[in-house]
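Engineer: One structure coming up, written as structure tokens, with questions to follow.
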Amino acid sequence: MLFISCMGIWGNLIDYDIYRNGIEITAKVIEAPENCENISSRGGFCKLEYNGKIYVERAGNKFCHLVSGKTKVKMLTNKNYSDLIFPDEFNNFEFASGFLLLAFGIFLIIKNFKHKKVIE
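If you want our numbering, it's the 1-based position in the sequence shown plus 4.
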């Protein structure tokens, strides 16, 4: 559980950095879902091109309308241009949930150690 929460926190820290300090760019839409009505929150991938590099991003039903039928889309990227996110993709709840999961994992470990000391 600790490992999973740390992975989630790391990914969210990268997105947070892009959200706060990112550079707004216009990427070319290469491939996108044609119909957004049947897209789930985990589906609807699109291919974007910026600076000759191809990015595969999950648009989901939340951002599908930004790429479907479009030739260009505004995105945020970091200084290295290694990651792209949609302008409103960062979510404070997702950011906090990683820390909550980490706190819960630490709580379980402490509780388990106290339980073992009582048994001995």
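Glycine included, each C-beta is placed from N, C-alpha and C at the ideal position.
Source: prediction; values computed, not measured.
Closest by CA to residue 43, which one among 35, 32, 68 and 31?
Structural biologist: 68
Engineer: For residue 49, report the span of its alpha helix (DSSP H) as first-last.
Structural biologist: First-last for residue 49: 49-54, but that is the beta strand (DSSP E), not the alpha helix (DSSP H).
Engineer: From 90, 114 and 20, pick the residue whose C-alpha is nearest to that of residue 99; which is it?
Structural biologist: 20
Engineer: Within the same chain, show all residues whose beta-carbon is closer than 8 Å to that of residue 57, passing over the 5 residues directly before and after it, in chain order.
Structural biologist: 85
Engineer: Just reading off the beta strand (DSSP E) that residue 59 is part of, what are its end residues?
Structural biologist: 57-62
Engineer: Rounded to a whole number of angstroms, what is the C-alpha to C-alpha distance between residue 46 and residue 71?
Structural biologist: If you take the alpha carbons of residue 46 and residue 71, they lie about 15 Å apart.
Engineer: Looking at residue 41 and residue 50, is the spacing between their C-beta atoms short of 7 Å?
Structural biologist: no
Engineer: Flag this pair as yes or no: are the beta carbons of residue 81 and residue 15 separated by less than 7 Å?
Structural biologist: no
Engineer: On the three-state DSSP scale, how would you describe residue 43?
Structural biologist: coil
Engineer: Among 38, 73, 105 and 24, whose alpha-carbon lies nearest the alpha-carbon of residue 94?
Structural biologist: Closest in alpha carbon position to residue 94, among 38, 73, 105 and 24, is 24.
Engineer: Which stretch, first to last residue, makes up the alpha helix (DSSP H) that contains residue 11?
Structural biologist: Unbroken alpha helix (DSSP H) run through residue 11: 6-25.
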